[in-house]
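Engineer:
Number of protein chains: 2
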Amino acid sequence: MFQGSQSINMDAKGRIAIPSKYRDLLAAACNGRIVITANPYERCLNIYPEPQWRDVSAKISALPNSHKQVRTLQRRVLGNAMELELDANGRVLLPATLRKYADLDKKLVLVGLNEKAELWSEESWNALLDETDDAPLPEELLSLSL
Amino acid sequence: MFQGSQSINMDAKGRIAIPSKYRDLLAAACNGRIVITANPYERCLNIYPEPQWRDVSAKISALPNSHKQVRTLQRRVLGNAMELELDANGRVLLPATLRKYADLDKKLVLVGLNEKAELWSEESWNALLDETDDAPLPEELLSLSL
DNA sequence: GGTAAATAGTGGGTAAAAGTGTTTTTTTGT
DNA sequence: ACAAAAAAACACTTTTACCCACTATTTACC
């Protein structure tokens, strides 16, 4: 579904234009109805087509919430989820609370990860790409060959 | 599949001509559909014929993403992957985000590594060739004989 | 080795699409 | 009912994809 990264601009009203290559796909998959919410691990936003969101949402709701960490995850993800619809020009208005959560200003990067997309501030995204992690690699990565 | 290195030029619009010796191979292997993405370890790009990419993609998607390092790898590799098709003149347009990631300007080097190819800026590639590394060799290299 | 022909590589131009900003209308709250 | 804010509609600007034409390089043949 989503693939590749591309930079996009947010206008003064907090709107972003969804890249045209996704518009047809989204129209087919969910009538242009997407759900956007906080990514609980990093300060970015997750974007799902409405049907995918229902699966994710159900999975998270089903977690046993006696653990504090589970409750926190539920609050961040479910509590920030907003359903949005593309306007006639293929734009969506990002809610102010989410803009603040992910620290978004004018320059953003939309990152496609198959079933979902992530929305980052350009600054944070570049920081991620620059990051060099000296921690030992987990077993799974050591044996990986690309 | 890919072998040997050769220098190629990027034009003002960010297009590169795929060397003719690969065109027939690519047409046969994947109808000219290739996937290009970030190399997560060095600042260069990886180029795969579409079928090979599917294997790599599946491997990376399957990694447990509770590790931060895995998420970062997934974002860099999957999040930057773009499927491209050769145009009528055997060229592809490199997406702006990838050009920036690998710091590409006019002069590039395409390096064939069998199942994939790497694309470097000429400058970075030459720096790599000049590099001398005094670190101890890993086990796999100690037992190697060329 | 030289010449000609074919193939590879390069550089724009243009029409269509995508993106962006502004105006107008509608809604909501006081 | 009026003012403010939000949403929708509209109009303009920029970018991109596709096409065509030219130049350079390689290959083949004499």
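Quick note, the sequences are listed as chains A and B, same order. For what it's worth, the numbering used here labels the leading residue of the first sequence as 1, then goes sequentially. For what it's worth, the numbering used here labels the leading residue of the second sequence as 1001, then goes sequentially. Every residue, glycine too, gets a C-beta built ideally from N, C-alpha and C.
1. So if DSSP puts A:Ala117 in a beta bridge, which residue, or which two residues, is it bridged to?
2. Would you please state the rounded distance, in angstroms, between the beta carbons of A:Ile16 and A:Leu86? I believe it to be under 8 Å.
3. Once you ignore the five residues that flank B:Glu1122 on each side, which residues in its own chain have a CB closer than 8 Å to its CB?
4. Given a threshold of 16 other Cβ atoms within 10 Å of its Cβ, counted over all protein chains shown, does B:Gly1004 qualify as buried or as exposed?
5. When DSSP builds the beta bridges, which residues end up paired with A:Arg15?
6. Do B:Pro1064 and A:Glu140 have their C-beta atoms closer together than 8 Å?
7. Since A:Val35 and A:Ala81 should fall inside the 8 Å C-beta cutoff, what is the C-beta to C-beta distance between them, to a whole number of angstroms?
8. Taking 8 Å as the CB-CB cut-off, is A:Leu129 touching chain B?
9. What is the DSSP secondary structure of A:Lys107, reduced to helix, strand or coil?
10. Please identify the residue among B:Pro1051, B:Ile1060 and B:Ala1058 whose C-alpha is closest to the C-alpha of B:Glu1115.
11. Less than 8 Å between the C-beta atoms of A:Glu84 and A:Val92, yes or no?
12. Who pairs with A:Ile36 in a beta bridge, going by DSSP?
13. Any residues in the stretch 1073-1097 of chain B with a beta carbon nearer than 8 Å to a beta carbon of chain A? Which ones, in chain order?
14. Closer than 8 Å, CB to CB, is A:Leu26 near chain B or not?
15. Counting only beta-carbon atoms, is A:Val111 nearer than 8 Å to chain B?
16. For chain B, check one thing: does any of its Cβ atoms lie closer than 8 Å to the Cβ of A:Ser187?
17. Would you say B:Pro1138 faces chain A, with C-beta separation under 8 Å as the test?
18. Rounded to whole angstroms, what is the Cα-Cα separation between B:Ala1127 and A:Trp53?
Structural biologist: On the basis of the data shown:
1. Answer by DSSP bridge pairing, in chain order: A:Ile47 and A:Gly112.
2. The beta carbons of A:Ile16 and A:Leu86 sit about 10 Å from each other, so the pair does not count as a contact at 8 Å.
3. Cβ contact annotation for B:Glu1122 (same chain, cutoff 8 Å, sequence separation greater than five): Ser1007, Lys1107, Leu1108 and Val1109, in chain order.
4. Exposed, because fewer than 16 other Cβ atoms sit within 10 Å of the Cβ of B:Gly1004.
5. According to DSSP, which records beta bridges pairwise, A:Arg15 is partnered with A:Leu93.
6. Cβ atoms of B:Pro1064 and A:Glu140: closer than 8 Å.
7. At roughly 6 Å, the Cβ-Cβ gap stays under 8 Å, so A:Val35 and A:Ala81 are in contact.
8. Interface residue (Cβ-Cβ distance to chain B less than 8 Å): A:Leu129 is classified as such.
9. The answer is strand: DSSP assigns A:Lys107 an E or B state.
10. The candidate whose alpha carbon is nearest that of B:Glu1115 is B:Pro1051.
11. The sequence given here has Leu at residue 84 of chain A, not Glu. The answer is yes: Cβ separation under 8 Å.
12. According to DSSP, A:Ile36 bridges with A:Ile47 and A:Met82.
13. Listed in sequence order: Leu1073, Gln1074, Arg1075, Arg1076, Val1077, Leu1078, Gly1079, Asn1080, Ala1081, Met1082, Glu1083, Pro1095, Ala1096 and Thr1097.
14. For A:Leu26, not one C-beta of chain B is nearer than 8 Å to its own C-beta.
15. Any Cβ of chain B closer than 8 Å to the Cβ of A:Val111 would place that residue at the interface, and such an atom is present.
16. In the structure as shown, chain A begins at 1 and stops at 146. Residue 187 of chain A is therefore absent and cannot be evaluated.
17. Not an interface residue.
18. Straight across, the Cα-Cα distance linking B:Ala1127 with A:Trp53 is about 46 Å.
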